[in-house]
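> Let me begin by handing over the structure; questions about it come next.
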Amino acid sequence: MAKAMEGKSLSQKKRAMGRADVTYHIVAVACFVLIGLLCAYPFYYLMICTVSDSQAIALGQITFLPKGLNLDNYLQVMKIQNLGNALKNSILRTGLGTALSLLVTAYMAYFFTKTEMWGRKFWYRMVVAT
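At the far end of the sequence shown sits residue 113, using the working numbering, and the numbering has no gaps.
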């Protein structure tokens, strides 16, 4: 079978799939799209609520599309004192945390490859166990 498929183009290989394979792929893609939409909808809902009219939100009239344009929420956020400091701290914490995690992980990976290092088995087991 592999030799028969060897000289065929990609489109010819796709046609060689059986009916069950095609059905499986359709069902799998449909399930993944559905799960993706279910995961993304809460974030979308949050975003449309931030720009919708407060009264419409309180009455539960917002489902899929925003009603009324209201940017007061964003204006109120911009009035918060020390918002710039909070943003700077978040960026520094993320950057430093990522850099330090990468440094420690790289060091540990190097450490575990060397069989002559002191306490290698113990530390390896402690890292794997946690």
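The C-beta atom is built at its ideal place from N, Cα and C for all residues, glycine as well.
#1: Helix, strand or coil, according to DSSP, for W106 in the structure here?
#2: In the DSSP assignment, the alpha helix (DSSP H) including N72 goes from what residue to what residue?
#3: Residues in the same chain with beta-carbon distance under 8 angstroms from R103, minus the five sequence neighbours each way, listed in chain order, please.
#4: What whole-angstrom Cβ distance do P25 and S35 have, given they're in contact under 8 angstroms?
#5: Please work out which residues of its chain come closer than 8 angstroms, Cβ to Cβ, to L21, disregarding the five sequence neighbours upstream and downstream, and give them in chain order.
#6: Using three-state DSSP, classify A23 as helix, strand or coil.
#7: Give every residue of the same chain whose Cβ lies closer than 7 angstroms to the Cβ of G51, excluding the five residues on either side of it in the sequence, and list them in chain order.
#8: If V110 and M91 are in contact, beta carbons under 8 angstroms, what's the gap, nearest whole angstrom?
Put simply:
#1: Along the sequence shown, read from residue 1 onward, the residue named residue 106 stands at position 123. DSSP places W106 in helix when its eight states are reduced to three.
#2: Numbered from 1 along the sequence shown, position 89 holds the residue referred to as residue 72. In the DSSP annotation of this structure, the continuous segment of the alpha helix (DSSP H) that includes N72 starts and ends at L66 to T96.
#3: The residue labelled residue 103 in the question sits at position 120 within the sequence shown. Here the set comprises F94, F95 and K97.
#4: For the purposes of this step, residue 25 is identified with residue 42 of the sequence shown, where counting begins at 1. For the purposes of this step, residue 35 is identified with residue 52 of the sequence shown, where counting begins at 1. Wrong, their Cβ atoms sit about 15 angstroms apart, outside the cutoff.
#5: Residue mapping note: residue 21 aligns to position 38 of the sequence shown, counting from 1. Excluding sequence neighbours, L21 sits near nothing in its chain.
#6: Here residue 23 corresponds to residue number 40 of the sequence shown, with the count starting at 1. Of the three classes helix, strand and coil, the one that applies to A23 here is helix, per DSSP.
#7: Translated into positions along the sequence shown, residue 51 becomes position 68. Counting only Cβ-Cβ distances below 7 angstroms, and skipping sequence neighbours, we find S35, D36 and A39.
#8: Here the question's residue 110 lines up with position 127 in the sequence shown. Here the question's residue 91 lines up with position 108 in the sequence shown. Their Cβ separation, rounded to whole angstroms, is 7 angstroms, which keeps V110 and M91 in contact under 8 angstroms.
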